[in-house]
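Quick notes on the structure that follows.
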Amino acid sequence: MAAKTFARRVSGIWREILGVVISTGAANAGDIPALDDTGHLDPSVMPVSYGADVKVLPATEALSASNLVNVWSSSGTASVRKADATAEGKPCHGFVLDSVASGTSVTVYFGRKITGLTGIVPGQRYYLDTTAGGFTATPISGAGKVDQFVGEGISTTEIGFEPDDYVVKAA
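Position one of the sequence shown corresponds to residue 48 (the working numbering), numbered consecutively onward.
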């Protein structure tokens, strides 16, 4: 994509100036930001603590894009694995947008929307599934299983992610 430019009068002469896509800090003070190739502002041009609620954590198993994940302590290190409604112990805390191998660091999202999905029904409620990392439109039932709401469909390709506390089912 061609760099975005604008005209600025500098010492009485009109000059073409490039917009800044990635900020290096104080050196870019006064510059005008430009959108990146995806049409978004790079987080580096935003104020500190503004943007997605994310954390980069090591994955202790292979993860696929859109997996719901559980944050847990692996030998004292905060790590991430697939969330699972089969039994208590792996509730959903966040989700990933990238596929990674076990042992690889991955960005975990704790809010926002899960994108890149198919077959989502707008307005439909979605729950943590018994298929590790997955979600379902059917609330979970069965003794010892975990029933956890994770969000609502907001388009045919997105779920608004708002995980609730979970309930371990008695029957």
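Just so it is clear, CB atoms sit at the ideal spot from N, CA and C, and this is done for glycine as well.
These numbers come from a predicted model, not from an experiment.
What do you get for residue i, buried or exposed, if any count of 16 or more other CB atoms within 10 angstroms of its CB means buried?
i: A190; result: exposed
i: V103; result: exposed
i: S188; result: exposed
i: A76; result: exposed
i: S113; result: buried
i: I69; result: exposed
i: Q171; result: exposed
i: G4; result: Summary: the structure shown does not reach residue 4, with the chain confined to residues 48 through 218, and so no result is reported for it.
i: I167; result: buried
i: L115; result: buried
i: V147; result: buried
i: V95; result: exposed
i: Y97; result: exposed
i: V143; result: buried
Contact check, residue i vs residue j under 8 Å by CB: the rounded distance?
i: T183; j: D131; result: 12 Å between Cβ atoms; not a contact.
i: G200; j: E209; result: About 12 Å separates the two Cβ atoms, so there is no contact after all.
i: E63; j: A74; result: About 20 Å separates the two Cβ atoms, so there is no contact after all.
i: V153; j: A106; result: 5 Å
i: D78; j: V67; result: 4 Å
Specify the secondary structure class of residue i as computed by DSSP and reduced to three states.
i: P90; result: helix
i: N114; result: coil
i: A74; result: helix
i: Y97; result: coil
i: T154; result: strand
i: Q195; result: strand
i: R128; result: strand
i: E135; result: coil
i: M59; result: Reading off the sequence, residue 59 comes out as Gly, not Met. Coil.
For a quick check, are the C-beta atoms of residue i and residue j less than 8 Å apart?
i: V155; j: L175; result: no
i: L110; j: K137; result: no
i: T162; j: E205; result: yes
Leaving out the 5 sequence neighbours to the left and right, which residues in its chain are closer than 8 Å to residue i when beta-carbon positions are compared?
i: S120; result: S126
Please go through the same chain and pick out, in chain order, the residues whose beta-carbon is closer than 7 Å to the beta-carbon of residue i, but skip the five residues on each side of it.
i: R159; result: A99 and F208
i: L88; result: P80 and L82
i: S149; result: A106, T107, E108 and A109
i: V215; result: E135, G191 and V193
Cutting at 6 Å between CB atoms, please list the residues of its own chain near residue i, excluding the five before and the five after it.
i: A179; result: K129 and D131
i: V92; result: S70 and P80
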